[in-house]
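Peer 1:
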């Protein structure tokens, strides 16, 4: 869910959260669905707030870029028109610098 139009709020598992904080996980995937189209495509967030599971632990990061990926994880830039034959399955959120 987005807390405002410029920030995306994502709850991730404790393991994924820890990898994001360590810097070993640099992208997060979300399904290409009506729910995420509204929050990612339409809102065009600039930052992402990750929450560690259902705890109160949260950290914010800049978003480097957002791309689309198909089932084979081939990526394509987030643009209104995708090439023929490219069937987007996921949004790929590239994690940038941590915001203190």
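Residue numbers (the numbering used here): 9 to 108. Even glycine gets a Cβ: it sits at the ideal position worked out from N, Cα and C.
Could you compute how far the alpha carbon of residue 47 sits from the alpha carbon of residue 26?
Peer 2: On the chain shown, residue 47 is found 39 positions in, with the first residue counted as 1. On the chain shown, residue 26 is found 18 positions in, with the first residue counted as 1. Going by the C-alpha atoms only, they are around 24 Å apart.
Peer 1: Can you tell me the Cα-Cα spacing of residue 10 and residue 92, whole angstroms?
Peer 2: In the chain shown, counting from the first residue as 1, residue 10 sits at position 2. In the chain shown, counting from the first residue as 1, residue 92 sits at position 84. Residue confidence for residue 10 is low, a pLDDT of 43 falling below 50, so the modelled location carries little weight; the figure read from the coordinates is stated next. The straight-line gap from Cα to Cα measures roughly 31 Å.
Peer 1: Using the DSSP secondary-structure output, state which residues sit across from residue 84 in a beta bridge.
Peer 2: Translated into the one-based positions of the chain shown, residue 84 becomes position 76. Beta-bridge pairing links residue 84 to 76.
Peer 1: Compute the Euclidean distance between the alpha carbons of residue 70 and residue 106, then round it to the nearest angstrom.
Peer 2: Numbered from 1 along the chain shown, position 62 holds the residue referred to as residue 70. Numbered from 1 along the chain shown, position 98 holds the residue referred to as residue 106. Roughly 6 Å separates the two Cα atoms.
Peer 1: Under the DSSP definition of a beta bridge, which residues are partnered with residue 98?
Peer 2: Residue numbering aside, residue 98 sits at position 90 when the chain shown is read from its first letter. 39, 77, per the DSSP bridge assignment.
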